[in-house]
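Numbered according to the working numbering, the sequence shown spans residues 1 to 307. Let me begin by presenting the structure, written as structure tokens, before commenting on it.
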Amino acid sequence: MRSETVFKLAFNRALDMIGVAGVRSRIPSENALKLELQTSRTTVRKVLGELQKRGLLTHSSGGWHVSRRPRKSDYFPELETVATSAQVESKFMDWILRGDRRAGELINGLELARQFGVSTNAIREYLNRFSRFGLIERRPNSSWIIRGFTREFALELFEVREMFETRSALTFALQPDAAHSWKALRRLQSEHRALLRNISERYHDFSGLDERFHRLINGASGNRFIFDFHDVISLIFHYHYQWNKVDEKQRNRLAILEHLDYIEALLSRDPKRIEAACKRHLSSARKTLLASVRTPGKDTPMAEHEA
Numbered sequence: 001m002r003s004e005t006v007f008k009l010a011f012n013r014a015l016d017m018i019g020v021a022g023v024r025s026r027i028p029s030e031n032a033l034k035l036e037l038q039t040s041r042t043t044v045r046k047v048l049g050e051l052q053k054r055g056l057l058t059h060s061s062g063g064w065h066v067s068r069r070p071r072k073s074d075y076f077p078e079l080e081t082v083a084t085s086a087q088v089e090s091k092f093m094d095w096i097l098r099g100d101r102r103a104g105e106l107i108n109g110l111e112l113a114r115q116f117g118v119s120t121n122a123i124r125e126y127l128n129r130f131s132r133f134g135l136i137e138r139r140p141n142s143s144w145i146i147r148g149f150t151r152e153f154a155l156e157l158f159e160v161r162e163m164f165e166t167r168s169a170l171t172f173a174l175q176p177d178a179a180h181s182w183k184a185l186r187r188l189q190s191e192h193r194a195l196l197r198n199i200s201e202r203y204h205d206f207s208g209l210d211e212r213f214h215r216l217i218n219g220a221s222g223n224r225f226i227f228d229f230h231d232v233i234s235l236i237f238h239y240h241y242q243w244n245k246v247d248e249k250q251r252n253r254l255a256i257l258e259h260l261d262y263i264e265a266l267l268s269r270d271p272k273r274i275e276a277a278c279k280r281h282l283s284s285a286r287k288t289l290l291a292s293v294r295t296p297g298k299d300t301p302m303a304e305h306e307a
């Protein structure tokens, strides 16, 4: 159930938080935890109750205090903290990329549901998000068809992306030191460095890392419309240009280096440095995206549809 997924994710974030705080440290108020754990007050109370039950927290007139440091066994498995919608998104993006899908190709909803191990409703809800943009068109009998998009569409989409991500990146830097996002950013930094060392063999793995990196940044905005827009961003900016296989390895290597500069800027908390790194990286992404949108009849990675 979604509610259990939300609880388990918030619980794991709380474990990270108290691990940083240390034994005998005081835990913030419920209102502060609501923002820190990115969840509702009801879930916060459930998390506090479970932490107390496991002996991680104690409560007194002075509030909540850390009783012991969390152990690895206290954490819920990562698979249990990922919502079904997120699982569908991850698997669908991988299916798109690894399968080298093209415009005009049919998507069988029933087949995907079996392949991904989810319900047909989950597939339908996910694909419906893109139908209003004309990227995917619904057909009878649980099938869909992949559509392309125009250069004008790409430019409009990029303009919105730049506004959203610049705002999110600046907001990211305002988070408190104990925020879960800083630990996640450090972890992504290590993953980028590891991938760079093995770029020749693992350059295909960059797409998933790219998606998680930008999702983390946009998540700092706390804006539901930016969250929703990120799904479209994932499909287009993080996957569509991969269908242009020319210089893919070199492009991904350059993007990793830009990400590492971007991460260093975020860690510096310097607004000017952050904005410059963000715009520099998005400028490269824009060029890569536009290079993948060719005119019809010239071996387009994804043929354009008429606006």
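Here a beta-carbon is modelled for each residue, glycine too, at the ideal position from N, C-alpha and C. In this text the structure is predicted, and so the values were computed from the model without any measurement.
- For Val6, same chain residues with a beta-carbon under 7 Å away, outside a window of 5 residues either side, are Thr39 and Thr43 in chain order.
- Per DSSP, Ser131 is one residue of the alpha helix (DSSP H) stretching across Thr120 to Ser131.
- The beta carbon of Phe158 lies closer than 6 Å to those of Arg286 in the same chain, with the five residues before and after it left out.
- Boundaries for Gly219: no beta strand (DSSP E) harbours it, while the alpha helix (DSSP H) harbouring it runs Phe206 to Gly219, taken from the DSSP string.
- Ala179 counts as buried, since no fewer than 16 other beta carbons sit within 10 angstroms of its beta carbon.
- With distances taken between CA atoms, Leu196 lies nearest to Ala255 out of Ala255, Leu174, Arg138 and Trp144.
- For Glu275, same chain residues with a beta-carbon under 8 Å away, outside a window of 5 residues either side, are Thr166, Ala169 and Leu170 in chain order.
- Residue burial annotation: Arg41 is exposed, with fewer than 16 other C-beta atoms found within 10 angstroms of its C-beta.
- Note on geometry: alpha-carbon atoms of Arg161 and Pro77 lie some 32 Å from one another.
- In the displayed model, Thr43 falls within a helix according to three-state DSSP.
- Following the DSSP letters along the chain, one finds Ile145 inside the beta strand (DSSP E) bounded by residues Ser143 to Ile146.
- By the C-beta criterion, the segment 181-190 is judged not to be in contact with the segment 82-91, since fewer than 3 inter-stretch pairs fall below 8 Å.
- Under the Cβ criterion (8 Å, minimum of three pairs), the segment 199-217 does not count as touching the segment 111-118.
- The DSSP-derived three-state label of Ser283 is helix.
- Taking 8 Å as the upper bound for CB-CB distance, Leu56 and Asp74 are in contact here, some 7 Å apart.
- Taking 4 residues as the shortest admissible run, the segment 172-203 contains the following complete alpha helix (DSSP H) segments, listed from N- to C-terminal end: 180-197 and 199-202.
- Nearest neighbour of Val118 by Cα position, chosen from Trp144, Ser85, Glu248 and Ile27, turns out to be Ser85.
- Secondary structure at Arg251: helix, using DSSP grouped into helix, strand and coil.
- Under the criterion of beta carbons closer than 8 Å, His281 and Glu258 qualify as touching, at roughly 4 Å.
- The beta carbon of Arg253 sits closer than 8 Å to the beta carbons of Leu196, Ile199 and Tyr203 from its chain, once the five residues preceding and following it are set aside; these are given in chain order.
- Inclusion of Leu35 and Ala154 in the CB contact set at 8 Å is not warranted, their separation being larger than that value.
- The three-state reading of DSSP puts Val160 in helix, counting H, G and I together.
- Along the length of the segment 84-119, whole alpha helix (DSSP H) runs at least 4 residues long occupy 84-98 and 109-116, reported in chain order.
- Across the structure, Trp64 and Gln175 are spaced so that their CA atoms are roughly 22 Å apart.
- Residue burial annotation: Arg224 is exposed, with fewer than 16 other C-beta atoms found within 10 angstroms of its C-beta.
- Close CB contacts of Ser131 within its chain, under the 7 Å cut and outside five residues either way in sequence, are with Glu137 and Arg138 (chain order).
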